[in-house]
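Novice:
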Amino acid sequence: MVVRFGIAIHFPEVYEMWKSSCAHFVLIAILAIGFVGYDAVGAGAEYKPLDIQNLPDFTGPFEGVVDKIVWIKTYRRERIDSEDGDYIVPKITGGLGSGVIISSEKLADERFESKIITNQHVIDGAEKINVFLYFSQWKAFKAELIGFDDLRDLALLRIITPRKLSPAAFGDTDRLKIGEVVYMVGNPAKSAWSLSVGFVGNLGRDVLLETIQFNGATNSGNSGGGLFNTKRELIGVITTAAVNGTIGFATSVNVIRKILPALEKGGRVLNGYLGARVEEMERDGLSEDMAKEWGVPYPLPKESAVVVMGVTKGTSAERAGVAVGDIILEFNGREILHPRYLEKLVAESEIGKEVPIRVLRGSTEIVLQITPMERPVLTIE
Numbered sequence: 031m032v033v034r035f036g037i038a039i040h041f042p043e044v045y046e047m048w049k050s051s052c053a054h055f056v057l058i059a060i061l062a063i064g065f066v067g068y069d070a071v072g073a074g075a076e077y078k079p080l081d082i083q084n085l086p087d088f089t090g091p092f093e094g095v096v097d098k099i100v101w102i103k104t105y106r107r108e109r110i111d112s113e114d115g116d117y118i119v120p121k122i123t124g125g126l127g128s129g130v131i132i133s134s135e136k137l138a139d140e141r142f143e144s145k146i147i148t149n150q151h152v153i154d155g156a157e158k159i160n161v162f163l164y165f166s167q168w169k170a171f172k173a174e175l176i177g178f179d180d181l182r183d184l185a186l187l188r189i190i191t192p193r194k195l196s197p198a199a200f201g202d203t204d205r206l207k208i209g210e211v212v213y214m215v216g217n218p219a220k221s222a223w224s225l226s227v228g229f230v231g232n233l234g235r236d237v238l239l240e241t242i243q244f245n246g247a248t249n250s251g252n253s254g255g256g257l258f259n260t261k262r263e264l265i266g267v268i269t270t271a272a273v274n275g276t277i278g279f280a281t282s283v284n285v286i287r288k289i290l291p292a293l294e295k296g297g298r299v300l301n302g303y304l305g306a307r308v309e310e311m312e313r314d315g316l317s318e319d320m321a322k323e324w325g326v327p328y329p330l331p332k333e334s335a336v337v338v339m340g341v342t343k344g345t346s347a348e349r350a351g352v353a354v355g356d357i358i359l360e361f362n363g364r365e366i367l368h369p370r371y372l373e374k375l376v377a378e379s380e381i382g383k384e385v386p387i388r389v390l391r392g393s394t395e396i397v398l399q400i401t402p403m404e405r406p407v408l409t410i411e
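Following the working numbering, the numbering of the sequence shown begins with 31 at its first residue and continues without gaps.
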């Protein structure tokens with residue numbers, strides 16, 4: 031048996047293989063081929079077209095989560111110059127995005143308080159936020175911003191509804207595997223659902239966000255939408271799309287679960303900050319002239335190192351004595367192997383509490399005491 035375009039597989043086995051996460055990428059490859067045929071086993075067998083009626087059907091998974099996705103529209107005032115520059119014209123502009131319902135609890139007055147997770151960049155700068163719901167024929171509900179985290183690009187909204195909503199069930203991304211089938215559901219425009227089926231292409235690309243990379247079309251306006259596994263469990267919130275929208279990224283639901291208590295406290299989530307700009311350097315990529323210019327040891331003492339390239343005035347790093355050219359070896363007892371891992375540890379550290387940071391300066395190891403400060407506000411464009 032030979033499947034056209036060079037893929038060899040006995041098609042009746044595909045559905046069974048689909049159930050196994052290690053074979054999910056095979057299914058997606060077949061779904062991506064517009065026309066596939068196969069030759070029956072045996073010499074001289076007649077060519078037969080693929081029976082597309084037996085392909086897996088995703089209407090069930092889609093219908094199982096569609097009521098958990100909302101459309102978000104934001105409004106803010108802008109002042110623009112008139113054509114002749116003599117006066118300023120007020121204008122109302124807005125943005126569009128998606129969100130995922132994560133809870134719905136009954137209040138004393140018989141109404142329900144429902145909470146929605148989305149991206150911070152979806153609601154950034156908004157003066158008014160409306161949420162449109164599936165059950166209400168897309169009636170607008172005024173949303174209140176509870177809390178946001180500009181580092182992790184997350185925001186938590188609150189709406190009051192006359193009936194209980196259907197929150198998404200959280201999955202566990204620690205059990206997620208590369209090649210596992212996932213599907214993305216968003217609402218980029220009122221009543222205009224967007225469903226894409228793909229598979230997990232990479233895990234842990236960003237250690238701070240525990241990013242899930244998935245291969246599947248991601249449309250504009252899907253930011254804040256849900257990434258689900260085949261059990262209809264939420265495993266991530268869609269953040270960005272790569273070139274041509276064929277690859278997308280989602281923040282792991284495990285990160286959301288961890289940061290949710292801070293979001294529920296209200297306001298901006300406070301993250302630790304040092305004020306040192308660091309970069310990863312590789313021993314093989316560092317020349318002697320580069321080392322002299324940047325003040326780092328040559329050759330590097332290990333294959334790769336996290337090197338301080340700048341220190342911002344008035345920050346914790348300057349006060350602690352961190353210097354350009356220092357190689358950061360440990361932060362609060364944890365070995366540092368990558369700049370983003372350092373950022374994660376610092377962000378999660380207690381603001382105002384002094385911790386040790388071990389650096390290599392020249393050929394001498396030094397232990398400094400550093401006190402993480404509040405991270406400055408990040409504006410997401």
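Idealized CB from N, CA, C, for every residue including glycine.
All figures in this text were calculated on a predicted structure; none of them were measured in a lab.
Taking ARG109 as the reference, give the member of LYS103, TRP101, THR123, ASP97 with the closest Cα.
Specialist: It is THR123 whose Cα lies nearest to the Cα of ARG109.
Novice: Under the three-state reduction of DSSP, which class applies to ASP179: helix, strand or coil?
Specialist: It is a strand residue.
Novice: In whole angstroms, what separates the C-alpha of ALA53 from that of ARG205?
Specialist: In this prediction, ALA53 scores a pLDDT of 41, lower than 50, which makes its location untrustworthy; the coordinate-derived value is nonetheless stated afterwards. Computed Cα separation, rounded: 16 Å.
Novice: ILE357 by DSSP, collapsed to three states: which one?
Specialist: The answer is strand: DSSP assigns ILE357 an E or B state.
Novice: Anyone know if the C-beta pair for PHE88 and VAL227 falls short of 8 Å?
Specialist: Contact flag set, yes.
Novice: So, using beta-carbon positions, are PRO218 and TYR303 closer together than 8 Å?
Specialist: Result no, Cβ atoms of PRO218 and TYR303 do not sit closer than 8 Å.
Novice: Quick one: using the 10 Å Cβ neighbour count with 16 as the cut-off for buried, is SER24 buried or exposed?
Specialist: Any question about residue 24 goes unanswered here, given that the chain covers just 31 to 411.
Novice: CB-CB under 8 Å to VAL267, same chain, minus the five flanking residues each way: which ones, in chain order?
Specialist: Cβ neighbours of VAL267 beyond the five flanking positions: VAL130, ILE147, THR148, ASN149, LEU184, GLY254, GLY255, GLY256, LEU257, ALA280, THR281, VAL283, ILE286.
Novice: Could you name the residues of the same chain whose beta carbon sits closer than 7 Å to that of TYR371, not counting the 5 residues immediately before and after it, in chain order?
Specialist: So the list reads VAL237, once near-sequence residues are dropped.
Novice: Starting from the N-terminal side, write out each stretch of the beta strand (DSSP E) that is 3 residues or longer and does not extend beyond the segment 318 to 354.
Specialist: DSSP runs (the beta strand (DSSP E)) wholly in the segment 318 to 354: 334 to 341.
Novice: Rounding to the nearest angstrom, what Cα-Cα distance links LEU316 and VAL338 in this structure?
Specialist: Computed Cα separation, rounded: 15 Å.
Novice: Count the other C-beta atoms from every protein chain shown that fall within 10 angstroms of the C-beta of PHE229, then say buried if there are 16 or more, exposed otherwise.
Specialist: The residue is buried, with at least 16 neighbouring Cβ atoms inside 10 Å.
Novice: Are THR203 and ILE159 close, meaning C-beta to C-beta below 8 Å?
Specialist: For THR203 and ILE159, no; Cβs fall outside 8 Å.
Novice: Per DSSP, GLY266 is paired with what?
Specialist: LEU257, SER282.
Novice: Exposed or buried, what is ARG141 when buried is set at 16 or more other beta-carbons lying within 10 Å of its beta-carbon?
Specialist: With fewer than 16 Cβ atoms within 10 Å of its Cβ, ARG141 is classed as exposed.
Novice: Could you tell me if LYS103 is buried or exposed, where buried requires 16 or more neighbouring beta carbons within 10 angstroms of its beta carbon?
Specialist: That one is buried.
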